[in-house]
Amino acid sequence: MKRFSTILVLIGGFVGTAALPAQAQQQLSLPVMSPAVHVRQAFSTTFIDLKYSRPSKRGREVFGKLEPYGKVWRTGANSSTRIKFGEEVKFAGQIVPAGTYALFTIPDPKEWTVILNKDTSQWGAYDYKPDLDLLRVKVKPTVLTAPAETFSLMLENLQPEAADLVMRWDKTQLSVPIVADADARVMSQIQEAMKGDKRPYFNAAQYYYNTDKDLGQAVKWMDEALKQQPDSYYFSYWKGKMLQKAKRNAEAAEAARKSLELVKAEKSTPLREEYVRLNQQLLAEVGKK
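Written out as structure tokens, the structure is:
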């Protein structure tokens, strides 16, 4: 019995030793065929976040062959593509609450289906469940003059509250408009902030200027900002821009001259020269010297 146990121990030792080379193999760093991408884009008052993997064409015909027409596609490689909205948006005209969604598509020669699905944990589209769709929209593809070797999904044509989600691969391009409505949210923030001790006079004034709201109110806020920082050539310049937009040219010129006087104390030569140039340009635009 003792001899039998000894034999078992020896056999176990040989088995363990034989297994060691496999367990101790060095890991290799190999090229990734479909590298992962994470894009976080500031958008409206929050962001849009994209996570996907980028397959390449590598001599293959993609749509209709590699990715069949009429079949749900993960819109990339590996795990399903995910898109996250930091605030409510309209996706091709349909309301999408803030949150994370899986982005699927159904390729078609004439009209693709773009899908936002609530299940973000999938690998590929093998367990895709249409009953978890948040929405489906139809998008007409365009033909690229030069084929795109590597799949890309990007936010393009960025504006303060709008962007296009653009997909390109092989000879195909899709574009889905995304629009936010931040104005009500920003106006509510301004109203609430103006009740506090640290009132954002300059930021609120700039928002009114950029969105063509009450310029008289914007100028009043700039006056308050200048009471807090009377030596700010930057604030004086922007007060002049707001007065110019309100067609109060004589006052705009006065603000520009004040900014020119204040900027003389700026120690940074590039900044000083830049605001001398900007104020001189403002004076020329309002017809003053």
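In mature numbering (1 follows the signal peptide of the UniProt record, and there is no 0), the protein residues as written are -24 to -1, 1 to 265. Built from N, CA and C at the ideal position, the CB exists for glycine as well. Since the model is a prediction, treat every value here as computed from it, not as a measurement.
DSSP assignment within the region 130 to 175 yields the following whole beta strand (DSSP E) runs of 3 residues or more, N-terminal first: 138 to 156. The region 43 to 50 and the region 3 to 22 do not touch, with fewer than 3 CB-CB distances between them shorter than 8 Å. Collapsing the DSSP output to three states places ALA260 in a helix.
Fully contained in the region 220 to 252 are the following alpha helix (DSSP H) runs of length 4 or more, in chain order: 225 to 238. DSSP places GLY192 inside the alpha helix (DSSP H), whose first and last residues are 191 to 204. Segment contact: the region 80 to 90 against the region 111 to 119, three or more CB-CB distances shorter than 8 Å; contact assigned. In the displayed model, TYR28 falls within a strand according to three-state DSSP. Judged by DSSP in its simplified three-state form, ALA78 adopts strand. Each of LEU120, THR96 and ASP103 was checked against the Cα of LEU110, and the nearest Cα belongs to THR96.
DSSP, read as helix, strand or coil, puts LEU108 in helix. Per DSSP, reduced to three states, the secondary structure at ASN54 is coil, with no helix or strand assignment. With fewer than 16 other beta carbons inside 10 angstroms of its own, THR245 counts as exposed.
Residue burial is scored here from C-beta neighbours: TYR102 has fewer than 16 other C-beta atoms within 10 angstroms and is therefore classed as exposed. By the neighbour-count criterion, in which 16 or more other beta carbons inside 10 Å mark a residue as buried, TRP99 falls on the exposed side. For THR89, the beta-bridge partners assigned by DSSP are ILE82 and LYS114. Closest option to PHE80, judged by alpha-carbon separation, among LYS66, ASP107 and ARG112: ARG112. For ALA18, the enclosing beta strand (DSSP E) starts and ends at 12 to 19. Per the coordinates, the alpha-carbon of VAL8 lies some 60 Å from the alpha-carbon of ALA229. Counting the other Cβ atoms within 10 Å of the Cβ of GLY52 gives 16 or more, which makes it buried.
For SER128, the secondary structure class from DSSP, reduced to helix, strand or coil, is strand. When only Cα atoms are considered, ILE91 and GLN149 end up about 16 Å apart.
VAL155 is positioned such that its CB atom lies no closer than 9 Å to that of THR21.
No Cβ-Cβ contact shorter than 9 Å links TYR183 with TRP214. If you ignore the 5 residues before and after GLU64, its C-beta comes within less than 6 Å of the C-beta of PRO73 and ALA74, all in its own chain and listed in chain order.
Rounded to the nearest angstrom, the gap between the Cα atoms of SER55 and TYR28 is 7 Å. When DSSP reads this structure, GLU43 sits in a beta bridge with PHE39. The beta carbon of GLU261 lies closer than 7 Å to those of GLN220 in the same chain, with the five residues before and after it left out.
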